[in-house]
């Protein structure tokens, strides 16, 4: 391939003039590999491809592709040129290094993005279509019986339900999986559920935060045999009666005598349980009632009865996260399968459990004996009040500051002398209070998807929950050389994604002499539109208050990525006071509800946080919201951190602001 040298194929036309004249500053920018300049501007590169390509084949394979309505043949001559290909102006591509170099680079195709800019409202996904196998069978039956589709008697409707049930049982498994994922008909879903597990039916009522099964009287079901079927028969759910509710599932014992659920198809079970159109009573029986998914202990709780908000904190002892993790799940009496069903109390509850657990564990590590007094506890559930939580946070910060001072003086050659710092005995005491776990991990996988091919599309149960854990400061190095008897146990730093941010902002400051997040915030607020068209929207911010900003990043890694960060220094949840925590929680809810309103059904949210005992003052806690888009599954480009986008970030931000007006 020969390049056309008549014009530069690539340049950084968006580099601010104040940066480019100074060769040293220009080199500094490229060392950082970020789109954020030290002057608080965004840097955007532009490719203007033009090239010539020699023909390196001998043969032509001309064939007919099809015909027009008038019979004219369509042939493939264009695919076999007889001379070299000359491209004078292929699609212009914008290249935007990510704000954080470890996340790669975004490429925006101008032809796609220019089309979207004319109608930004096109950036959306269609609503879920209504699907009902029972309706299909009804229409088929009516057509074959020469009837209209609206004139079915009660007897005929019961017959159709039974036919649907039998038909579902005969479906090949891939079609059954597809129907379980896509059906919006509760009767379809109940019938599918009964093919993969065994329900116990009865009459239940949820009173407060408990469920009880009440006796079936002679008035309700007079025949004793029918009663036995309802309670103990395999999915015996009489069609000619008002449907009793599932009150439990049948168990069986394995070869070791342990009880386990009697499930014949676990994939199908999971798909059905995560379909929001399954009646709540079935969701509860299958996956939501405490204990139905295993022996995980409930170690925390948030409840606001007046707002009907209720959250459980589950402990996952044997976790894929070292040292276990916690999950803040919406409870079985507060079912939430959509983010737009979430209330502000719900999000506050889930996040409160995260803050509460983290602060308590830090206090225990730092041996803060008076962290919780009797007056701090609200009732037997031991839910810490906001005021007590804030007091505990401040005590932890004081102790950590003492640790940092101790380390500072210890590294000073005069540190052992009392007049230059902390007394050696006091330092010895402080060293006992160093953090073994010095970082938090938090994430939220919203939504569920499963393809009939057997590929799972997202990691989460649909019932909304968030996960969190503590990350150790170090991990022990293994002795893989067994013959090395002189091997000494050594440690190396344990991984935390926030460390990637910390390392980068430190390098940015060393090279440019400026704090990265101050430059980033300035660039967001003064953004110039990517394509340079001043007549079109140029703002990236969606929401901003005195604490946080929710915005569209200049370089999106997911096509719909949003980011959230404080507008004032705050590196982790320990540095977040009550008002900051409230602002973050509120903006998190705002972000996920915005994305769902635009059609997103699966969203991964992650937190980049600094270490609790870090001396890095520039780092700010950052949340990244990453929707999964149907036609962007991720391929070799994304594996190389090359993110392909079909719209300008400014147009996406404009559409988010319009939808936010509707939500609020």
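In this note's numbering, the protein residues as written are 31 to 694. Beta carbons: idealized from backbone N, C-alpha and C, even for Gly.
Could you compute how far the alpha carbon of residue i sits from the alpha carbon of residue j?
i, j, result
"residue 281", "residue 289", "6 Å"
"residue 228", "residue 292", "7 Å"
"residue 653", "residue 594", "5 Å"
"residue 501", "residue 530", "14 Å"
"residue 392", "residue 351", "18 Å"
"residue 539", "residue 139", "32 Å"
"residue 3", "residue 547", "The chain is shown from 31 up to 694; residue 3 falls before or after that span and cannot be answered."
"residue 88", "residue 536", "57 Å"
"residue 394", "residue 624", "38 Å"
"residue 364", "residue 385", "21 Å"
"residue 541", "residue 339", "49 Å"
"residue 287", "residue 327", "22 Å"
"residue 418", "residue 314", "34 Å"
"residue 464", "residue 414", "25 Å"
"residue 581", "residue 66", "15 Å"
"residue 468", "residue 301", "37 Å"
"residue 509", "residue 533", "28 Å"
"residue 101", "residue 94", "12 Å"
"residue 693", "residue 105", "52 Å"
"residue 285", "residue 472", "38 Å"
"residue 440", "residue 434", "The predicted position of residue 440 is uncertain, since its pLDDT is 49 and thus under 50; a value taken from the coordinates is nonetheless stated next. Cα-Cα distance, rounded: 10 Å."
"residue 217", "residue 663", "32 Å"
"residue 192", "residue 655", "44 Å"
"residue 626", "residue 80", "40 Å"
"residue 685", "residue 389", "38 Å"
Going by C-alpha to C-alpha distance, which of the options sits closest to residue i?
i, options, result
"residue 335", "387, 616, 351, 375", "375"
"residue 369", "618, 562, 229", "618"
"residue 82", "284, 468, 120", "120"
"residue 641", "525, 580, 114", "525"
"residue 423", "61, 602, 685", "602"
"residue 21", "434, 396, 415", "With the chain covering only 31 through 694, there is no way to say anything about residue 21."
"residue 568", "91, 554, 168, 646", "554"
"residue 667", "221, 379, 137", "137"
"residue 691", "592, 203, 573", "573"
"residue 298", "389, 202, 693", "202"
"residue 610", "621, 577, 592", "577"
"residue 71", "643, 558, 644", "558"
"residue 108", "636, 92, 388, 628", "92"
"residue 310", "332, 664, 173, 278", "278"
"residue 466", "627, 519, 353, 428", "353"
"residue 69", "507, 325, 544, 174", "544"
"residue 77", "61, 122, 381", "122"
"residue 589", "552, 575, 628", "628"
Exposed or buried, which one is residue i when buried takes at least 16 other CB atoms within 10 Å?
i, result
"residue 132", "exposed"
"residue 74", "buried"
"residue 321", "exposed"
"residue 416", "exposed"
"residue 348", "exposed"
"residue 675", "buried"
"residue 360", "buried"
"residue 97", "exposed"
"residue 489", "exposed"
"residue 222", "buried"
"residue 698", "This structure cannot settle anything about residue 698, because the visible part of the chain is limited to 31 through 694."
"residue 209", "buried"
Leaving out five residues on either side along the sequence, give the residues of the same chain with a beta carbon under 8 Å from the beta carbon of residue i.
i, result
"residue 323", "317"
"residue 486", "479, 480"
"residue 607", "420, 423"
"residue 85", "111, 112, 113, 114, 115"
"residue 523", "503, 504, 505, 529"
"residue 190", "164, 167, 168, 171, 182"
"residue 431", "none"
Please go through the same chain and pick out, in chain order, the residues whose beta-carbon is closer than 6 Å to the beta-carbon of residue i, but skip the five residues on each side of it.
i, result
"residue 343", "329, 330, 356, 358, 383"
"residue 295", "226"
Any heavy atom of the ligand FMN within a distance shorter than 6 Å of the CB on residue i?
i, result
"residue 112", "Absent from the structure shown: the ligand FMN. Ligands present: none."
Give every residue of the same chain whose Cβ lies closer than 7 Å to the Cβ of residue i, excluding the five residues on either side of it in the sequence, and list them in chain order.
i, result
"residue 650", "547, 595, 596, 599, 600, 601"
"residue 248", "Residue placement at residue 248 is poorly supported in this model, since its pLDDT is 32, which falls under 50; the coordinates still yield a value, given next. Answer for residue 248: no residue qualifies."
"residue 621", "580, 592, 594, 655"
Query raised in the report: Between the stretch 127 to 141 and the stretch 584 to 601, do three or more beta carbon pairs fall short of 8 Å?
Result: Taking 8 Å as the limit for Cβ pairs, the verdict is that the stretch 584 to 601 does touch the stretch 127 to 141.
**Report entry** the stretch 136 to 146 / the stretch 110 to 117 touching (three or more Cβ pairs under 8 Å)
**Finding:** As far as the Cβ criterion goes, the stretch 136 to 146 does not touch the stretch 110 to 117, which means the pair count is below three.
Query raised in the report: Can we say the stretch 657 to 664 touches the stretch 494 to 504, given the rule of at least three CB pairs closer than 8 Å?
Result: At 8 Å Cβ cutoff, the stretches do not touch.
Query - At least 3 beta-carbon pairs within less than 8 Å: the stretch 208 to 221 vs the stretch 294 to 313 - result: These segments touch.
Query raised in the report: Is there contact between the stretch 617 to 634 and the stretch 552 to 565, where contact requires at least three CB pairs shorter than 8 Å?
Result: Short answer: they don't touch.
Query raised in the report: Would you say the stretch 466 to 478 touches the stretch 626 to 633, given that touching needs at least three Cβ pairs under 8 Å?
Result: Output reads yes: the stretch 626 to 633 touches the stretch 466 to 478.
Report task. Answer yes if the stretch 680 to 689 comes into contact with the stretch 151 to 163, meaning at least three C-beta pairs across the two stretches below 8 Å, and no otherwise. Result -> Touching, yes.
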